[in-house]
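Structure record follows, encoded as structure tokens.
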Amino acid sequence: MSDERRPRQELPPERPERAEEPAGETVPDDQGAARLTGRQRLGKAVWPPRVTRAQLIVALLLFVLGLGLAIQVRSTSENSALRGARQEDLVRILDELDDRTKRLEDEKRKLTGQRTELENSSDQAEEARKQTRQKAAQLGVLAGTVAAEGPGIRMTINDRAGTTDSDTLLDAVQELRAAGAEAMQINGVRVVASTYFTDSGGGVNVDGHKIDPPYRFEVIGKPADLEPALNIPGGVVQTLKNKQATVHVTRSEKVTVDALRQAKRPDYARSSSQ
Amino acid sequence: MIAVLGLVVGVVAGLVVRPVVPMAVEPYLPIAVVAALDAVFGGLRAMLDGIFDDKVFVVSFLSNVVVAALIVFLGDKLGVGAQLSTGVVVVLGIRIFSNAAAIRRHVFRA
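Top line first, the protein sequences correspond to chains R and C.
Residue numbers for the first sequence follow the working numbering, beginning at 1 and rising by one.
Residue numbers for the second sequence follow the working numbering, beginning at 1 and rising by one.
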């Protein structure tokens, strides 16, 4: 204890110079302080509060410190590490971000290309399917496997004398075909490429179906072509009239050919394009 | 007592007023704060030792802050700012610890 006390007793001569307190107070205070322990000195400094120049200056500096501390803590907790990061770090981070952006851009471009490719190919496939469907529908009309409708004519042959034979009907069909008929049916029997006509007592056999007069043709094609083709001198209508049959031809904007045929799969013929 | 009040008022003011620090000073603020902390601990220790002097405290506080900021600034200019600021923080941290140990011996006698 005496060792500790000695250096402190040497202090008082310096003190009056440093602490600029009223001299009358200072000397006894310091002499008392010299014998105090650190804890007692701390307690004395804290309470009672004294407004001295030293206290005010220290308070000012500590105010600055507290201010800086609060600002720093707030800016660190508020923002990411970027705020307060130094220039070289920021440059490095920026470089990394640039690299990353470039890589991602590359990846995006690649993926966009792939997507475009896939879209194109699927578009092409869709287009091909569409064309195939159209083609199938067209061929279906020709082959008689699908119903068809469109402008055309209706022809009714009333034959009380029974003079209309298969030849006459075939002539009529040929004439209509030549005039551009695309689909036709006679009394509910579809007429296609392989259709045949045979006579059978009192009526006509079409593709094995016996039909009786009156014969009602429903034909899809250009009405302005079909009607004159039937009415030409020496043509179908005149021939039938000569045979005492009455023929009635009307144009129509909407003729429905809904008689269907089963598509027959050929046994031997194969498409040569495959 | 007034000194402690000053610290508290400073912290509160910093949190409430939210002053904007200029960009140029911003990188040096943390180092300056650590340097100031070192000065404050040194002052506290001196007070407990009974050799506290306000003039010394003011000078050491300001010079600590200025020198620390200057070292970091110089380091930034030389391209070793990160390393130098780490070094400064380590040195100041060691000083703060030794001061804190002295204060602890005074206050807790252990």
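Positions of the beta carbon are idealized from the N, C-alpha and C atoms, including for glycine.
In this structure, Ala172 of chain R places its C-beta atom within 8 Å of the C-beta atom of Phe217 of chain R. Residues Asn64, Val65, Val67, Ala68, Ala69, Val88 and Leu92 of the same chain have their beta carbon placed closer than 8 Å to that of Ala35 of chain C, with the five preceding and five following residues left out of the count.
Within chain R, the residues placing a beta-carbon under 9 Å from that of Gly14 of chain C are Gly66, Leu67, Gly68, Leu69, Ala70, Ile71, Gln72, Val73 and Arg74, ordered along the chain.
Runs of the alpha helix (DSSP H) lying entirely within the segment 213 to 271 of chain R and spanning at least 4 residues, in chain order: 223 to 231 and 236 to 242.
Residues of chain C with a Cβ closer than 8 Å to the Cβ of Val51 of chain R are, in chain order, Ile2.
Contact of Asp38 of chain C with chain R is not assigned, every C-beta pair being separated by 8 Å or more.
CA-CA distance, Gly68 of chain R to Leu7 of chain C, rounds to 10 Å.
At a cut-off of 8 Å between beta carbons, Leu118 of chain R makes no contact with chain C. By the C-beta density criterion, Ala183 of chain R is buried, having at least 16 other C-beta atoms within 10 angstroms. Comparing alpha carbon positions, the residue from R:Ser272, R:Ala147 and R:Thr163 closest to Asp258 of chain R is R:Ala147. Per DSSP, the unbroken alpha helix (DSSP H) holding Phe61 of chain C starts and ends at Asp54 to Leu78.
As the crow flies, the alpha-carbon of Gly43 of chain R is around 32 Å from that of Val17 of chain C.
Taking 8 Å as the upper bound for CB-CB distance, Gly203 of chain R and Pro213 of chain R are in contact here, some 7 Å apart. Interface annotation, Ile93 of chain R: not in contact with chain C, CB-CB separation never under 8 Å. Your pair Leu226 of chain R and Ile153 of chain R checks out as a contact, with CB atoms roughly 5 Å apart and the cut at 8 Å. About 6 Å separates the beta carbons of Val21 of chain C and Leu29 of chain C, which is inside the 8 Å limit, making them a contact pair. Going by beta carbons, Ile71 of chain R and Gly14 of chain C fall inside the 8 Å limit. Rounded to whole angstroms, the Cβ separation of Leu37 of chain C and His106 of chain C is 18 Å, and the two are not in contact under 8 Å.
Ala224 of chain R is not a Cβ neighbour of Leu176 of chain R, given a cutoff of 8 Å. Counting along the chain, Pro30 of chain C sits inside no beta strand (DSSP E); it lies in the alpha helix (DSSP H) bounded by residues Leu29 to Asp49.
Of R:Asp159, R:Arg53 and R:Pro151, the smallest CA-CA separation from Asn242 of chain R is found for R:Asp159. Within the same chain, Cβ atoms closer than 8 Å to the Cβ of Asp165 of chain R are found at Asp199 and Val204, the five residues on either side in sequence being excluded. For Asn187 of chain R, the CB contacts under 7 Å within the same chain, skipping 5 residues up- and downstream, are Ile211, Tyr215 and Arg216 in chain order.
Residue state for Asn99 of chain C is assigned as helix, using DSSP reduced to three classes. Here Val64 of chain R is near Gly10 of chain C, since their CB atoms are less than 8 Å apart. Using a Cβ distance threshold of 8 Å, Gly221 of chain R and Gly180 of chain R count as a contacting pair.
Taking a Cβ-Cβ threshold of 9 Å, the residues of chain R close to Pro30 of chain C are Gly68, Gln72, Thr76 and Gly84, in chain order.
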